[in-house]
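This report refers to the structure that appears directly beneath it.
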Amino acid sequence: MKVALFIPCYVDALFPEVGIATLELLERLRIQVVYPLDQTCCGQPMANSGCHEEARATEKLFVKNFSGFDYVVGPSGSCVHHIRENLTAIPQTAQVRKVRASTFELVEFLHDVVRVEAFPWAEFRHKVGLHNGCATLRALKEAATSEIAEPRFSKPMDLLSKVKGIRFVTPSRPDECCGFGGTFSVFEEPVSARMGYDKVSDHHRAGAEYIVSADMSCMMHQQGCAERLGLPIKFIHIAQVLNGARA
Amino acid sequence: MKRIDHAEASSKFIRAKDHIEFHDRRLWDLRQKRDRESEYLPEWEELRSLASAIKEHTLANLGDYLEEFERNALANGARVHWARDAAEHNQIVFDILSSHQVRTLVKSKSMLTDECDMRPFLESRGIEVMETDLGERIQQLDNEPPSHIVVPAVHKLRTDVARVFSQTIGTDPKNSDVHYLAESQRQHTRPYFLRAEAGMTGANFAVAETGSIVVCTNEGNADLSVNLPKLYIACVGIEKIVPRIEHLGVFVRMLSRSALGSPITQLTSHFRAPREGTEMHIVLVDNGRAERLGMEDFWYSLKCIRCGACMNTCPVYRRSGGLSYGATYSGPIGVIIDPTFNLRKYSALPFASTLNGSCTSVCPVRINIHEQIYKWRQVISERNQLPMIKKEAMQIAGKVLASPKLYRAAVEATGAGLEHLPRFMLYNRLNAWGRQREVPKAPELTFRQWYLKHRARKRAKR
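Here the protein sequences come in this chain order: A and B.
Using our numbering, you'd call the opening residue of the first sequence number 1 and step up by one each time.
Using our numbering, you'd call the opening residue of the second sequence number 1001 and step up by one each time.
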């Protein structure tokens, strides 16, 4: 199994520890991982702004970097969603379609492809509120949502439940968007910040010591909000918890 | 025409602390009630699929069903009028009213008449128009459009209503008891029902098979508007057609459950034919709908049954209020309809969304709302309606992110992300990020630098 590691631009630049945890976790699971050195971004920031022409060259570069692998795995739901559903600014050649179909978010890769049974090295003795990014939740369907009448399931929860000592708390609105939304966070700053404040306050009231998520971009926003509000709440990516981070 | 600035309007809304908290809580409560109601029905998701299929079939054969509706309505003794646009609609209504020497019109809720700006048109021609739905009446008295398609005054606290009523219908300004306020409005409205020469309703559904108008309400005001005066006018958007009466068995089960989380509205009235000695007129209105039906990506929005579930669930709508959209239709459904009326004016609205998709998940007729929002952004960009600052930022981002070299120069410079990232990833000159949020701290090394150091030292080529 040839796996390419996709580390989104903002993780590369701001949260290298998330990339490191993802890499180490895959290595622990004895998966051979290649990190294509010329990778940058998937094109989502431009495409989500309606700027497909501006996204074209970035999408082309993404496909060039990630061709020839069995799987492309990245620790970010919204980027993976963009690649799988919306990487359409470039002609859809067989190569492009192959890369898009091979791309997985870390949680679904571990849950559906590798089918990891245990994380014996992992222990996290804290009260945790799980945050599912909206693309992860409603587009990649990693968990059931409160809006749809369907049997309950949660892939991230399945994985986290295998971590020793972890306890979960549930906010009153577990599926509510946190308000990051990419460029929404700055162009609609008043609503974005308000949504973020409401989100972290909800987790805080539920008793969360940590918010854990597969979406670091949501957490970047939430962390910024929690720090400004002075809430004693910490943020950690699911890859770090599964890789054995203790705090 | 000036672009509606949703962000600016929302910041005003958010500053009114009591209001935004109430607004968010109230609508979230409706969303939760909707969840509970949908869980009671094991066939809920199947109903959504059925409702969607019926609407798609009807829209695909709309011309035929409209003609069938007209035939049956005429056979029932109603008169049928066709209005190409808002101006024609208003003129038709005015002509009917003036030919009957109507001075006062009582009407129940209709988004269509708001869409057509009918009230000012009639009022400037000497016809008094009385909104009889409580929420609509509050908004009329306060000179504001409705902020929600089902609960028009949901952005107001009861103390606001007390203020409006005290200034307009003479209630006690200090008494904001809801029963007192509702009863006062009721007493105030009653004489209008008795003296109005004409009544008007919108339509929730128009049934082709029977030629009847179906109106779902909770206050009884529509029935009084129809059944007291001798002249009744129903204003109907052409997308309101359903083929058979049996199809109501799907829609009526979903409408109020989706809207308010109640199993059904208090009244579901079928208006089929004029009573003895009275007239019934039906105005079928296009006003851009036929054109929308021809839009490959956007015609699905015509499936909408105006339940407002997408608004109730929308985290952005709940925190910005319907008036911040500056349009007849607000919230997610508004965001995908409004640009068809005026692309430039409403070009910021598709960006008033995080693309979270909750709207799509609750929509009883399965409109792919958030996907349409995404597509509208493309249309707006292609037609050069993006603000210059955003377009430029995207052009720069597109260049930087397409080049490994430029990208690395941006993220690996001294001080790394902190210095450069907010500029090219968050695209703003005014540092909107930091206004209410802390900026993430820059790490010493990017992931790539760490990787080169720890995993691939030999392969490193810089």
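Here a beta-carbon is modelled for each residue, glycine too, at the ideal position from N, C-alpha and C.
Which residue wins for smallest C-alpha separation from I153/A, given the options K127/A, H111/A, P91/A?
Start at 1 with the first residue of the first sequence, and residue 153/A comes out as number 153. Contrary to the premise, residue 153/A reads as Phe rather than Ile in this sequence. Minimum Cα distance to F153/A is reached at H111/A.
In terms of residue numbering, what span does the alpha helix (DSSP H) encompassing S1347/B cover?
Translated into the one-based positions of the second sequence, residue 1347/B becomes position 347. Unbroken run through S1347/B: none, as it is neither H nor E.
Taking I166/A as the reference, give the member of R246/A, V34/A, D12/A with the closest Cα.
The residue you call residue 166/A lines up with position 166 of the first sequence. The shortest Cα separation from I166/A among R246/A, V34/A, D12/A belongs to R246/A.
Mind listing the chain A neighbours of N1356/B? Cutoff is C-beta to C-beta under 8 Å, in chain order.
Along the second sequence, read from residue 1 onward, the residue named residue 1356/B stands at position 356. Simply C134, R138, C177, G181.
Please classify M1280/B: is it buried, with 16 or more other beta-carbons within 10 angstroms of its beta-carbon, or exposed?
Position 280 of the second sequence, counting from 1, holds the residue named residue 1280/B. Burial call: buried.
Please list the terminal residues of the continuous beta strand (DSSP E) segment that includes L110/A.
Position 110 of the first sequence, counting from 1, holds the residue named residue 110/A. L110/A -> no beta strand (DSSP E), and no H or E assigned at all.
May I ask you to list, following chain order, the residues of the region 1320-1333 of chain B that have a beta carbon less than 7 Å from some beta carbon of chain A?
S1320
Listing by chain order, which chain B residues have their CB less than 9 Å from the CB of R30/A?
In the first sequence, counting from the first residue as 1, residue 30/A sits at position 30. Within 9 Å Cβ-Cβ: nothing; R30/A doesn't reach chain B, min ~16 Å.
Roughly how many whole angstroms lie between the Cα atoms of R1195/B and R1186/B?
In the second sequence, counting from the first residue as 1, residue 1195/B sits at position 195. In the second sequence, counting from the first residue as 1, residue 1186/B sits at position 186. Distance between the alpha carbons of R1195/B and R1186/B: 15 Å.
From the beta carbon of P1339/B, is the nearest beta carbon of chain A less than 9 Å away?
Here residue 1339/B refers to the residue found at position 339 of the second sequence. No, its Cβ sits nowhere closer than 9 Å to a Cβ of chain A.
Let me check one thing: in DSSP terms, what residues is A1234/B bridge-paired to?
In the second sequence, counting from the first residue as 1, residue 1234/B sits at position 234. For A1234/B, the pairing in a beta bridge is given by DSSP as T1201/B, I1282/B.
If you compare alpha carbons, which of R1158/B, A1327/B, H1179/B is closest to H1019/B?
As a first step, residue 1019/B is located in the second sequence; it is residue number 19 there, counting from the start. Out of R1158/B, A1327/B, H1179/B, R1158/B has the C-alpha closest to the C-alpha of H1019/B.
Do G1322/B and S1147/B have their C-beta atoms within less than 9 Å of each other?
Taking the first residue of the second sequence as position 1, residue 1322/B is located at position 322. Taking the first residue of the second sequence as position 1, residue 1147/B is located at position 147. Yes, the pair counts as a contact, with Cβ atoms nearer than the cut-off.
Run down chain B in chain order and give the residues with a C-beta less than 7 Å from the C-beta of A149/A.
Here residue 149/A refers to the residue found at position 149 when the first sequence is read from its first residue. Within chain B, the residues near A149/A are S1038, E1039, W1044, E1045.
Looking only at its own chain, which residues have a Cβ that is under 6 Å from the Cβ of G1077/B, when we skip the five neighbours before and after it?
Sequence index remark: in the second sequence, residue 1077/B carries index 77 (1-based). Result list for G1077/B: A1273, P1274, in chain order.
Give me the Cβ distance between V1400/B and T1446/B, rounded to the nearest whole Å; I'm assuming they're in contact under 8 Å.
Taking the first residue of the second sequence as 1, we reach residue 1400/B at position 400. Taking the first residue of the second sequence as 1, we reach residue 1446/B at position 446. In fact, because the Cβ distance is near 14 Å, the residues do not count as touching under 8 Å.
Return helix, strand or coil for Y1451/B, following the three-state DSSP convention.
As a first step, residue 1451/B is located in the second sequence; it is residue number 451 there, counting from the start. In the three-state reduction of the DSSP assignment, Y1451/B falls in the helix class, which pools H, G and I.
To the nearest angstrom, how far is the alpha carbon of V18/A from that of L106/A?
If you number the first sequence from 1, residue 18/A lands on position 18. If you number the first sequence from 1, residue 106/A lands on position 106. Those two C-alpha atoms are separated by around 11 Å.
Using a Cβ cut-off of 9 Å (strictly closer), state whether G165/A contacts chain B.
Taking the first sequence and counting its residues from 1, one reaches residue 165/A at position 165. False, the Cβ-Cβ gap to chain B never drops below 9 Å.
Can you look up L1267/B in the DSSP assignment and give me helix, strand or coil?
In the second sequence, residue 1267/B corresponds to position 267, counting from 1. In the three-state scheme derived from DSSP, where H, G and I count as helix and E and B as strand, L1267/B is classed as strand.
With 16 as the cutoff for other CB atoms within 10 Å, does I1264/B come out buried or exposed?
What you label residue 1264/B is simply residue 264 of the second sequence in a count that begins at 1. Taking all protein chains shown into account, I1264/B has fewer than 16 neighbouring C-beta atoms within 10 Å of its C-beta and is therefore exposed.
Below 7 Å CB to CB, which residues in the same chain sit around L25/A once its five sequence neighbours on both sides are set aside?
For the purposes of this step, residue 25/A is identified with residue 25 of the first sequence, where counting begins at 1. Cβ neighbours of L25/A beyond the five flanking positions: A239, L242, N243.
Assuming A1469/B and P1364/B are in contact, meaning their beta carbons sit under 8 Å apart, how far apart are those beta carbons, in whole angstroms?
Given a span of 1001 to 1462 for chain B in the structure shown, any question on residue 1469/B remains unanswerable.
Taking only the alpha-carbon atoms, compute the straight-line gap between V73/A and F6/A and give it to the nearest angstrom.
As a first step, residue 73/A is located in the first sequence; it is residue number 73 there, counting from the start. As a first step, residue 6/A is located in the first sequence; it is residue number 6 there, counting from the start. Going from the Cα of V73/A to the Cα of F6/A covers about 6 Å.
Is the beta carbon of S1176/B sitting closer than 9 Å to the one on A1162/B?
Along the second sequence, one-based indexing puts residue 1176/B at 176. Along the second sequence, one-based indexing puts residue 1162/B at 162. A contact, by the Cβ cut-off of 9 Å.
Compare the beta carbon distance of S1320/B and S1010/B with 9 Å and say whether it is the shorter of the two.
Taking the second sequence and counting its residues from 1, one reaches residue 1320/B at position 320. Taking the second sequence and counting its residues from 1, one reaches residue 1010/B at position 10. Yes, they are a contact pair.
Of the choices M1111/B, G1126/B, R1190/B, whose alpha-carbon is the least far from that of V1151/B?
The sequence position of residue 1151/B within the second sequence is 151, counting from 1. Closest by alpha carbon: M1111/B.
Once DSSP output is grouped into helix, strand and coil, what is the label at Y35/A?
Within the first sequence, residue 35/A is the residue found at index 35, counting from 1. Reduced to three states, the DSSP call for Y35/A is coil.
Quick one: is G43/A near chain B, going by C-beta distance under 9 Å?
Looking up residue 43/A in the first sequence gives position 43. Yes, because at least one Cβ of chain B sits closer than 9 Å to the Cβ of G43/A.
Return the chain-ordered ranges of every alpha helix (DSSP H) run that is complete within the region 122-204 of chain A and spans a minimum of 4 residues.
List check, alpha helix (DSSP H) in window: 155-160, 184-187.
Looking at the secondary structure, which residues open and close the alpha helix (DSSP H) in which I233/A lies?
As a first step, residue 233/A is located in the first sequence; it is residue number 233 there, counting from the start. Note, I233/A: premise wrong, no alpha helix (DSSP H); not H, not E.
Output, in chain order, the set of chain B residues within a Cβ distance shorter than 9 Å of G196/A.
Here the question's residue 196/A lines up with position 196 in the first sequence. Under the 9 Å cutoff, chain B gives Q1436, R1437.
Counting only beta-carbon separations shorter than 9 Å, does S185/A have a partner in chain B?
Residue mapping note: residue 185/A aligns to position 185 of the first sequence, counting from 1. Yes, S185/A counts as interfacial toward chain B.
Leaving out the 5 sequence neighbours to the left and right, which residues in its chain are closer than 8 Å to T268/A when beta-carbon positions are compared?
Since the first residue shown for chain A is 1 and the last is 247, residue 268/A is missing from the structure and cannot be characterised.
Distance cutoff 9 Å, beta carbons only. Does I7/A sit that close to anything in chain B?
In the first sequence, residue 7/A corresponds to position 7, counting from 1. True, the Cβ-Cβ gap to chain B drops below 9 Å.
Give me the Cβ distance between S1108/B and S1225/B, rounded to the nearest whole Å; I'm assuming they're in contact under 8 Å.
Position 108 of the second sequence, counting from 1, holds the residue named residue 1108/B. Position 225 of the second sequence, counting from 1, holds the residue named residue 1225/B. The Cβ separation is near 5 Å, so the contact holds.
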